[in-house]
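What follows is a single structure, written as structure tokens, with notes after it.
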Amino acid sequence: MSVLAASQNLPGFGNQPLWIVLIKVLGVFVFLVVMTLFAIVFERKVVGRMQNRIGPNRVGPWGTLQSLADGLKLAFKEEIIPVLADKPVYFLAPILSAVPAFLAFSVIPFGPEVSLFGHRTPLQLTDLPVGVLVVFACSSLGVYGIVLSGWASGSTYPLLGALRSAAQMISYEVAMGLSMVAVFLFADTMSTSGIVAAQYHTWNILPLFVSFAIYAIAVVGETNRAPFDLAEAESELVGGFHTEYSSFKFAMFFLAEYINMVTVSALATTLFLGGWHAPWGVHAIWHGANSGWFPVVWFVAKIIAIIFVFVWLRGTLPRLRYDQFMHLGWKVLIPVNLVWILAVTTIHVLRDRNWPAWQATALPLVLLLFLVVLPALVMWEGTSARRRAERDEDDEAEALLTPTFPTPPMDLVVPTTKRLATASVRRTRRPPELRDGEDSDG
Amino acid sequence: MSAVGFAAGELTNGQVPLGEAVAFWILGPISLAGAIGMVLLRNAVHCALSLVATMMSLGMFYLIEQGPFLGLVQIIVYTGAIMILFLFVLMLIGRDASDSIIETLRGQRWAAALFGVGFALLVALSVGRAFKGSKPADLNTTETNAGGQNVNSIAALLFTKYLFAFELTSALLIIAAVGAMVLAHVERDGPKPTQKSIARERIRSGRPQPLPGPGVLSSGNSIGTPALLPDGSISHESVMASTPGLRELPAANHSANADDIR
């Protein structure tokens with residue numbers, strides 16, 4: 135870490151004493167582990183409520199220690215390694231999955247400058263001029279854990295899960311990266327602390343709502359969460375990439391998944407929801423809301439709100455089909471994003487040339503509406519009308535064919551007369567008839 | 095606290111800051127080992143992983159040399175995207191596909207080793223002579239790099255002086271991508287089957303249900319067809335109670351549940 139701290143050149147981060155850096159490292163680690171334990175119980179409780187259940191309620195007060203008990207149990211379970219596994223890679227994969235997940239949090243700002251044992255220091259482990267790219271690099275390294283675990287298991291389902299996951303994460307990384315570009319343009323910097331500082335008056339979610347929506351969709355795909363959890367689709371691939379993992383190695387995958395969830399929530403908070411700034415109104419009533427240690431409360435509250443949405447999605451939506459998922463990523467999110475970035479850049483350039491604010495904003499948006507959005511809508515309308523006509527034609531053609539499968543008449547009355555009842559008994563009674571190949575006696 | 099002194103003081107190793115020296119001596123061997131492993135390992139996936147280690151070390155080197163943007167882009171693009179695609183292909187060719195160790199050309203390995211060592215010597219000598227006598231500079235305070243201006247400086251160069259080369263490179267990549275798509279493209283004969291058309295085909299085929307599992311001899315697919323027990327008698331439990339005529343089924347040997355059904 136001291137290497138990183140020395141190599142960056144942002145004010146406030148280069149000259150931290152080593153012991154403060156170590157305290158911060160410990161703090162981030164503990165925060166992530168506790169958040170994982172919390173998120174698992176939280177998810178089970180919330181999903182339980184959504185399904186009219188109570189959720190875990192045995193261990194600890196209101197079942198809050200359930201994930202701690204599960205984690206301890208998991209660590210002591212028997213470790214099973216498949217004979218066909220590629221040992222070195224099999225051992226490496228969970229580590230490659232967990233380490234980047236922890237690493238990504240090193241550039242997330244928790245709060246403003248605070249006093250720590252008499253030192254003024256920002257509540258953030260480190261920052262770089264390209265801070266957000268660190269998170270991005272870590273998420274792209276996390277793919278290795280999944281891909282290698284699937285390959286090294288020497289089994290079919292994990293391999294399929296790994297292939298799916300590789301394709302999925304690379305596709306959605308593009309959409310995710312593009313959705314950050316508008317934020318960089320708006321804040322004029324890529325450092326996380328700079329982006330938070332730029333949102334002092336207005337949170338980015340208001341001017342950049344399109345980017346926020348795309349980011350929110352893309353990170354669900356990026357973290358392999360439902361409804362985009364195709365890499366571990368239990369109804370198709372058993373457990374996906376971690377099918378052959380057990381004991382502590384499985385726990386590391388589990389840990390990595392939840393930490394990734396926390397990380398993308400924290401990044402969404404940093405990029406779009408004002409970071410550690412207090413929600414609107416609070417600052418007007420109470421001026422101390424944005425200084426000292428209090429911002430940590432706002433920051434964590436925002437993270438938990440986003441995690442709630444993750445859980446909500448999981449409790450509500452069915453899993454997408456793979457081709458629909460890829461269609462959404464490549465043919466919807468990325469084109470929309472590119473057009474949006476074009477508009478944001480135009481606004482930015484016009485403002486730099488001293489145009490009045492409303493003209494600089496309205497002109498690109500109106501042009502966008504007439505040149506891109508309306509033609510796209512007209513084309514889409516035409517396509518869907520044509521498709522509807524084709525479908526109706528198809529249905530009519532289908533109705534003319536004689537049915538091959540025994541379909542009951544629409545006005546079917548269940549036979550209750552004695553004659554019919556005995557007739558059906560006579561048919562079912564004779565065992566030889568069961569082997570005769572008479573298909574349709576239902 | 096000695097840690098305070100350790101961090102606050104300007105520790106150096108010769109003319110180089112100590113942190114940089116330590117990082118170099120850790121990352122240097124790793125990148126070299128990765129490069130050698132990439133050549134020597136037999137399994138294709140292991141080779142790819144060694145290359146990943148080298149690329150990661152290079153990215154860290156860029157970071158240390160005050161090029162944070164270049165370093166992270168190296169990690170994102172090369173290890174995060176390109177090597178993943180490599181792995182993607184390698185995974186599909188099978189796990190046990192290893193290189194053959196039989197030489198097809200005689201003496202090829204020795205010649206390759208000789209040329210490799212020669213090339214390494216040539217590069218080391220020329221680079222060593224080129225930088226002999228030049229003084230190390232503090233990159234953190236140079237005009238283009240100070241105060242977090244690294245990204246802006248790169249952008250300024252890329253979009254002014256090197257714009258043409260940059261656009262040319264992207265055109266090359268797009269041509270390659272389009273070429274690959276054209277080569278791999280297959281013209282469809284009819285319209286693409288939809289979920290609905292596939293379901294219809296299945297109904298039309300006369301057997302909408304999946305084939306019975308191996309070892310099952312079933313001739314009927316009706317809900318009213320009862321299952322047969324090993325002795326050939328009818329299993330009462332296999333038919334729903336509401337099925338017409340169930341009442342009259344012959345009593346089975348173990349008709350303990352017969353009353354429950356009624």
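These protein sequence lines are chains A and B, in that order.
Residue 135 is where the first sequence starts when you use the working numbering, and the numbers rise one by one after that.
Residue 95 is where the second sequence starts when you use the working numbering, and the numbers rise one by one after that.
Ideal placement from N, C-alpha and C gives every residue a C-beta, glycine not left out.
Q | Reduced DSSP secondary structure (H/G/I, E/B, other) of glutamate 247 of chain A | A | For the purposes of this step, residue 247 of chain A is taken as the residue at position 113 of the first sequence. In the structure shown, glutamate 247 of chain A sits in a strand (DSSP, three-state: E or B).
Q) Three or more beta-carbon pairs under 8 Å between the stretch 192 to 206 of chain A and the stretch 168 to 179 of chain A, yes or no? A) yes
Q) Would you say alanine 352 of chain A faces chain B, with C-beta separation under 9 Å as the test? A) As a working mapping, residue 352 of chain A is identified with position 218 in the first sequence. False, the Cβ-Cβ gap to chain B never drops below 9 Å.
Q) What residues are listed by DSSP as bridge partners for arginine 254 of chain A? A) Mapped onto the first sequence, residue 254 of chain A falls at position 120. DSSP lists A:Ser249 as partners of arginine 254 of chain A.
(Q) Quick check: the Cα distance between valine 396 of chain A and leucine 322 of chain B, rounded to an integer number of angstroms? (A) Taking the first residue of the first sequence as position 1, residue 396 of chain A is located at position 262. Taking the first residue of the second sequence as position 1, residue 322 of chain B is located at position 228. Spanning the two alpha carbons is a distance of roughly 55 Å.
Q: In the DSSP assignment, find the alpha helix (DSSP H) that holds isoleucine 242 of chain A and state where it starts and stops.
A: Here residue 242 of chain A refers to the residue found at position 108 when the first sequence is read from its first residue. Premise fails: isoleucine 242 of chain A is in no alpha helix (DSSP H) and is neither H nor E.
Q) Under a three-way DSSP split, which group does proline 341 of chain A fall into? A) Here residue 341 of chain A is taken as the residue at index 207 of the first sequence, counted from 1. Coil.
Q | Minimum C-alpha distance to leucine 143 of chain B - residue among B:Ile176, B:Arg282, B:Lys290, B:Phe213 | A | Locating residue 143 of chain B in the second sequence gives position 49, where the first residue counts as 1. Of B:Ile176, B:Arg282, B:Lys290, B:Phe213, the residue nearest in Cα terms is B:Ile176.
(Q) Give me the chain A residues within the contact set of phenylalanine 182 of chain B, using Cβ-Cβ distance strictly less than 8 Å, ordered along the chain. (A) Along the second sequence, one-based indexing puts residue 182 of chain B at 88. Near phenylalanine 182 of chain B (Cβ distances below 8 Å), the residues of chain A are Val281, Leu297, Ala300, Ala301.
Q: Look up isoleucine 178 of chain B in the DSSP assignment and say whether it is helix, strand or coil.
A: Translated into positions along the second sequence, residue 178 of chain B becomes position 84. Taken through DSSP and simplified to helix, strand or coil, isoleucine 178 of chain B comes out as helix.
Q.
Can you confirm whether phenylalanine 163 of chain B, when its beta carbon is compared against all beta carbons of chain A, has any partner nearer than 9 Å?
A. Translated into the one-based positions of the second sequence, residue 163 of chain B becomes position 69. Yes, because at least one Cβ of chain A sits closer than 9 Å to the Cβ of phenylalanine 163 of chain B.
Q: Figure out for me which residue from A:Gly463, A:Arg520, A:Phe244 has the closest Cα to the Cα of methionine 310 of chain A.
A: Your numbering for residue 310 of chain A matches position 176 in the first sequence. Per the Cα distances, A:Gly463.
Q | For valine 473 of chain A, the three-state DSSP class (helix, strand or coil) | A | Translated into positions along the first sequence, residue 473 of chain A becomes position 339. Residue state, collapsed to three classes: helix.
Q | Cross-strand partners of isoleucine 328 of chain B (DSSP beta bridge) | A | As a working note, residue 328 of chain B is residue 234 in the second sequence. Looking at the DSSP assignment, isoleucine 328 of chain B forms a beta bridge with B:Leu322.
Q: Would you kindly check if the distance between the Cβ of leucine 164 of chain B and the Cβ of alanine 300 of chain A is under 9 Å?
A: On the first sequence, residue 300 of chain A is found 166 positions in, with the first residue counted as 1. On the second sequence, residue 164 of chain B is found 70 positions in, with the first residue counted as 1. Taking C-beta atoms as the reference points, alanine 300 of chain A and leucine 164 of chain B fail to come closer than 9 Å.
Q: Please name the residues in the stretch 163 to 179 of chain B whose beta-carbon is closer than 7 Å to at least one beta-carbon of chain A, in chain order.
A: Phe163, Leu166, Ile169, Ile170, Thr173, Gly174, Ala175, Ile178
Q.
Would arginine 136 of chain B pass as an interface residue toward chain A - the criterion being a Cβ-Cβ separation below 9 Å?
A. Here the question's residue 136 of chain B lines up with position 42 in the second sequence. No, arginine 136 of chain B does not count as interfacial toward chain A.
Q) Is asparagine 246 of chain B helix, strand or coil by DSSP? A) Along the second sequence, one-based indexing puts residue 246 of chain B at 152. If DSSP states are grouped into helix, strand and coil, asparagine 246 of chain B belongs with the helices.
Q. Going by beta carbon distance, what residues of the same chain come within less than 6 Å of glycine 374 of chain A, once the five residues before and after it are set aside?
A. The residue labelled residue 374 of chain A in the question sits at position 240 within the first sequence. The answer, listed in chain order, is Gly295, Ala365, Glu366.
(Q) Beta-carbon within less than 6 Å of alanine 412 of chain A's beta-carbon, same chain only, minus the 5 sequence neighbours each way: which residues are those? (A) Along the first sequence, read from residue 1 onward, the residue named residue 412 of chain A stands at position 278. The answer, listed in chain order, is Ala423, Asn424, Trp432.
Q: Compare the Cα-Cα distances from isoleucine 130 of chain B to each of B:Leu121, B:Asn137, B:Ile120, B:Cys141 and report the closest residue.
A: Against the second sequence, residue 130 of chain B aligns to sequence position 36. Of the candidates B:Leu121, B:Asn137, B:Ile120, B:Cys141, the one whose C-alpha sits nearest the C-alpha of isoleucine 130 of chain B is B:Cys141.
Q: For methionine 275 of chain B, count neighbouring C-beta atoms within 10 Å of its own C-beta (all shown protein chains included) and say buried if the count is 16 or more, exposed if not.
A: The count along the second sequence starts at 1 and reaches residue 275 of chain B at position 181. Exposed.
Q. Under 8 Å from any heavy atom of the ligand SAM, does the C-beta of valine 167 of chain B make it?
A. This structure simply doesn't include the ligand SAM, nor any ligand for that matter.
Q: In angstroms with no decimal places, state the Cα-to-Cα distance between glutamate 159 of chain B and valine 223 of chain A.
A: As a position in the second sequence, residue 159 of chain B is number 65, starting the count at 1. As a position in the first sequence, residue 223 of chain A is number 89, starting the count at 1. Answer to the nearest angstrom: the Cα atoms are 31 Å apart.
Q) For proline 243 of chain A, which of A:Leu499, A:Arg455, A:Phe165, A:Gly288 has the nearest alpha-carbon? A) Along the first sequence, read from residue 1 onward, the residue named residue 243 of chain A stands at position 109. Of the listed residues, the one whose Cα sits closest to proline 243 of chain A is A:Phe165.
(Q) Within 10 Å of its beta-carbon, does isoleucine 196 of chain B have 16 or more other beta-carbons around it, so buried, or fewer, so exposed? (A) By one-based count along the second sequence, residue 196 of chain B stands at place 102. Exposed, by the Cβ-count rule.
Q | Pairwise C-alpha distance: leucine 371 of chain A and valine 116 of chain B | A | Counting from one through the second sequence, the residue named residue 116 of chain B turns up at place 22. Counting from one through the first sequence, the residue named residue 371 of chain A turns up at place 237. Near 45 Å, if we compare the C-alpha coordinates of leucine 371 of chain A and valine 116 of chain B.
Q) The alpha helix (DSSP H) with aspartate 529 of chain A in it runs from where to where? A) Working through the first sequence from its first residue, we reach residue 529 of chain A at position 395. Per DSSP, aspartate 529 of chain A belongs to the alpha helix (DSSP H) from 508 to 534.
Q: Please determine, among A:Trp514, A:Asn186, A:Asp204, A:Val483, the residue with the shortest C-alpha to C-alpha distance to arginine 192 of chain A.
A: On the first sequence, position 58 is the one that residue 192 of chain A refers to. Of A:Trp514, A:Asn186, A:Asp204, A:Val483, the residue nearest in Cα terms is A:Asp204.
Q. Do you know whose CA, among A:Asp363, A:Phe442, A:Ile157, lies nearest arginine 453 of chain A's CA?
A. In the first sequence, residue 453 of chain A corresponds to position 319, counting from 1. If we check each option's Cα against that of arginine 453 of chain A, A:Asp363 comes out closest.
Q: Would you tell me roughly how many angstroms separate the C-alpha atoms of valine 272 of chain B and leucine 266 of chain B, rounded to the nearest one?
A: Here residue 272 of chain B is taken as the residue at index 178 of the second sequence, counted from 1. Here residue 266 of chain B is taken as the residue at index 172 of the second sequence, counted from 1. Approximately 10 Å between the Cα atoms of the pair.
Q.
Helix, strand or coil for lysine 255 of chain B? Go by DSSP, reduced to three states.
A. Working through the second sequence from its first residue, we reach residue 255 of chain B at position 161. The answer is coil: DSSP assigns lysine 255 of chain B none of H, G, I, E or B.
Q | Where the alpha helix (DSSP H) containing aspartate 322 of chain A begins and where it ends | A | Working through the first sequence from its first residue, we reach residue 322 of chain A at position 188. Per DSSP, aspartate 322 of chain A is not a residue of any alpha helix (DSSP H), being assigned neither H nor E.
Q: To the nearest angstrom, report how far apart alanine 402 of chain A and alanine 352 of chain A are at their CA atoms.
A: Here residue 402 of chain A corresponds to residue number 268 of the first sequence, with the count starting at 1. Here residue 352 of chain A corresponds to residue number 218 of the first sequence, with the count starting at 1. Rounded to the nearest angstrom, the two C-alpha atoms are 11 Å apart.
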